[in-house]
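**Student:** Right, I'll just put the structure down here and ask away after.
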Amino acid sequence: MLMRARLLLALVAIGLAACKGAPRDAGPEDRGADLRARVEADLARRGGRRYYLAVSDHLIANHPDNVRSCLAPLHGERAAAFDLFMTVDADGSLSDVSAIPATLVGVCMSQRLLHSSFPRPPFSPFHANMPMRFAD
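Residues in the sequence shown are numbered consecutively from 268, following this note's numbering.
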């Protein structure tokens, strides 16, 4: 019994020592704050605001079917709001698309848009945030 207790304490001590040095995973709030800071920095750069409007217009004009198909599983219920963060690379491809919070519709749209092409940005990577709010 004493041997078992010592072994258990040794395992706990090893586990605590390993966890102490382990990096903390960024939660959704941390990731959202980091992405918002990147978006703000890019909007402040030359051509940033103009390009942001081009990305917004492109999303509305070229992806209404993606929005509709992602809303379909809700069967008319109101979709939860989310922010759609996109990282546009030099060639207009998206290297990252994240919905925060990760709602059903947001994750669906992220997956569908990841292989889309957008206009080429004035600099790369360009970070954009599209707040997605749905009316009744």
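All C-beta atoms in this analysis are idealised placements derived from N, C-alpha and C, irrespective of residue type, glycine included. This structure is a prediction, so every number in the text was calculated from the model and none was measured.
Would you call the segment 384-392 and the segment 306-324 touching, i.e. three or more CB-CB distances under 8 Å?
**Tutor:** Yes: at least three Cβ pairs fall under 8 Å.
**Student:** Can you find the residues in the same chain that come closer than 6 Å, C-beta to C-beta, to residue 353, ignoring five residues on each side of it along the sequence?
**Tutor:** Excluding positions up to five away in sequence, the list reads 361, 364 and 395.
**Student:** Using 8 Å for Cβ pairs, my map puts residue 373 next to residue 351. What's the rounded Cβ distance?
**Tutor:** Rounded, the Cβ-Cβ distance is 7 Å, consistent with contact.
**Student:** Label residue 377 either buried or exposed according to how many other C-beta atoms from any shown protein chain fall within 10 Å of its C-beta, with 16 as the threshold for buried.
**Tutor:** Buried.
**Student:** Unbroken alpha helix (DSSP H) runs of length 4 or more, entirely within the segment 311-395: which are they?
**Tutor:** You should have 315-329, 331-338 and 371-380.
**Student:** Rank 371, 401 and 317 by C-alpha distance to the C-alpha of residue 340 and give the top, closest one.
**Tutor:** With distances taken between Cα atoms, residue 340 lies closest to 371.
**Student:** With distances taken Cα to Cα, identify the nearest neighbour of residue 331 among 391, 302, 304 and 380.
**Tutor:** Comparing Cα positions, the closest option is 380.
**Student:** With distance defined between alpha-carbon atoms, name the residue in 329, 368 and 313 nearest to residue 299.
**Tutor:** Closest option to residue 299, Cα to Cα, is 368.
**Student:** Mark residue 390 as exposed unless 16 or more other C-beta atoms lie within 10 angstroms of its C-beta, in which case mark it buried.
**Tutor:** It counts as exposed.
**Student:** Can you give me the Cβ contacts of residue 403 inside the same chain, cut-off strictly under 7 Å, excluding the 5 residues immediately before and after it?
**Tutor:** Excluding residues within five positions, the ones whose Cβ falls inside 7 Å are 345.
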